[in-house]
Amino acid sequence: MIDRILGGIKVKINNRIATLGEYHFKKIDDEKNKILSEGKKIIDLGIGDPDLPVHPSILKELISALAIKNFNKYPPYDGVEKLKKQIIKYYSDVYSVKLDLDEVLVLIGSKEGISNIIPAVCNFGDGVIMTDPSYPVYETATKLWGAVTYKIPLKGKNSFLPELDYMLDGDILRSKLFIINYPNNPTGAVASENFYKDIIKFCSHNDIILCNDSAYNEIIEENKAPTSLLQYDIDKKNCIEFGTMSKTYNMTGFRIGYAVGNKDVIKALLTIKSNLDSGQFKPIQYAAIRALTLERSYINSIRHIYNDRRKSAEIILKNKNIEFFKTTGTFYVWCKVPNNYTTYEFCSEVLKKHQIVITPGYSFGNLGHQYFRIALTKDKVTIEEALNKFSRYK
Ligand SMILES: Cc1ncc(COP(=O)(O)O)c(C=O)c1O
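Convert by adding 4 to the 1-based position in the sequence shown; the result is the number in our numbering.
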């Protein structure tokens, strides 16, 4: 792809960039910026960036870690050992999953791992299975690294879990990697024990590496035990899981996450990582250790806040005759666009008429065209104020 000719020189850009299309949120972003430039106030229920504060003890640890020896030096590629041990303890305490140090890798946010898992596992042209709808990074990373995407539909009638029978075709079965994401963005769906067991069996039968992006592992119903894919693949034969401090601990800007699971895959991921970047700033890794040692009651209090917001949102949506998927996973509500609208028309109208940002479903794939996503990342009063402005639909 020739981007442009400058002073007689052709500026040639990776032609796979052209396959990515326009940045998913751009159209709505442009409209939002126009409204903001007119001096109007906007309620943004678009982005999944928690509004809640960082626990003071995490901030305290971040600051005091500036005093550790060599805090400013290159951190170890695979992560500070103390943090790796804390992640191991978390998996043992919460999931009863035993991990060794070489089965853990610290990441600069889980998004880093999601991108690097593609070249760690795939050659050019290899297949990566993902769902439609899904977090857009799976598709963009797959395309950028020269692999091929295969999409499995997520349907409301199956509680937004993929149907494994869908994959009878030979090409799909030759894929190297299957990325799932439960609790699920954007639908909020939570996977059952049977689903995990079936998909692990399916992937091991077909020599496919199964990767669960568990960014929202702790954002579920109060007092419920969270689940990990690794609970059902005790020998870590073909599974890996990503986790992050971003959502549970309101640490999106810290950029800290991890990968755990099959040690060959972790090693390959580390090879990519160590060749392309370095470890996260050490004080941030210490802050993450502190986060993982917070009481379970803290996590329950976070769940309580989102569940409370969800209940209020559901009451108003019902009132407005807007259908939504009833769930307790993540901090998103996946709603059906009212009749006679496309998702873009609807989100654009809500933005222009009421100055509320919601995310059009197509941002997550073609099967999102009849949906829109609400992020419960504002306080309850603001969410209620926003949703009460919606019209009542027939
Ligand atoms: C499903 C999913 N995975 C991963 C991420 C990225 O998280 P991190 O901040 O750890 O990169 C997000 C962020 O929105 C997400 O929704």
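Glycine included, every Cβ here is placed at the ideal spot set by N, Cα and C.
These numbers were taken from a predicted model, which means no experiment stands behind them.
With a 10 Å radius around its C-beta and 16 neighbouring C-beta atoms as the bar for buried, classify residue i as buried or exposed.
i	result
residue 60	exposed
residue 22	exposed
residue 128	exposed
residue 125	buried
residue 217	buried
residue 301	exposed
residue 75	exposed
residue 87	buried
residue 385	exposed
residue 314	buried
residue 63	exposed
residue 20	exposed
residue 227	exposed
residue 72	exposed
residue 49	buried
residue 250	buried
So residue i is in the alpha helix (DSSP H); what residue range does that whole segment cover?
i	result
residue 246	Looking at the DSSP string, residue 246 is not in any alpha helix (DSSP H); the run it does join, the beta strand (DSSP E), is 243-248.
residue 307	300-323
residue 174	174-177
residue 290	286-296
residue 198	197-209
residue 117	114-125
residue 31	30-41
residue 356	347-358
residue 145	141-148
residue 337	Element bounds for residue 337: not the alpha helix (DSSP H) but the beta strand (DSSP E), 336-340.
residue 385	384-392
residue 67	60-68
To the nearest angstrom, how far is it from the Cα of residue i to the Cα of residue j?
i	j	result
residue 170	residue 222	29 Å
residue 362	residue 351	6 Å
residue 85	residue 204	29 Å
residue 40	residue 101	48 Å
residue 46	residue 382	12 Å
residue 287	residue 396	50 Å
residue 472	residue 95	Residue numbering for the chain in the displayed model covers 5 to 398; residue 472 lies beyond these limits and cannot be assessed.
residue 248	residue 219	6 Å
residue 154	residue 131	7 Å
residue 371	residue 81	38 Å
residue 200	residue 229	15 Å
residue 1	residue 157	In the structure displayed, the chain extends from 5 to 398; residue 1 sits before or after that span and is not available.
residue 259	residue 194	25 Å
residue 188	residue 334	7 Å
residue 143	residue 11	35 Å
residue 271	residue 279	12 Å
residue 390	residue 336	15 Å
residue 14	residue 324	55 Å
residue 90	residue 298	11 Å
residue 173	residue 304	43 Å
residue 312	residue 321	14 Å
residue 147	residue 115	15 Å
residue 343	residue 388	23 Å
Measure the Cβ-Cβ separation of residue i and residue j and say whether it is below 7 Å.
i	j	result
residue 277	residue 120	yes
residue 136	residue 369	yes
residue 254	residue 56	yes
residue 113	residue 261	yes
residue 210	residue 177	yes
residue 52	residue 379	yes
residue 273	residue 242	no
residue 65	residue 348	no
residue 263	residue 238	no
residue 283	residue 79	yes
residue 190	residue 307	no
residue 192	residue 331	yes
residue 212	residue 182	yes
residue 339	residue 319	no
residue 35	residue 234	no
residue 92	residue 103	yes
residue 359	residue 44	yes
residue 118	residue 141	yes
residue 179	residue 133	yes
residue 99	residue 232	yes
Compute every distance between the C-beta of residue i and the non-hydrogen atoms of ligand 2, then say whether any falls below 6 Å.
i	result
residue 219	Although ligand 2 was asked about, the structure shown includes only ligand 1 as ligands.
Tell me which residue opens and which closes the beta strand (DSSP E) that residue i is part of.
i	result
residue 136	131-136
residue 157	152-157
residue 92	Careful: residue 92 lies outside any beta strand (DSSP E), inside the alpha helix (DSSP H) at 85-99.
residue 216	213-217
residue 276	First-last for residue 276: 267-280, but that is the alpha helix (DSSP H), not the beta strand (DSSP E).
residue 378	375-379
residue 13	13-16
residue 400	What the structure shows of the chain is the stretch from 5 to 398, and residue 400 is not part of that stretch, so it cannot be assessed.
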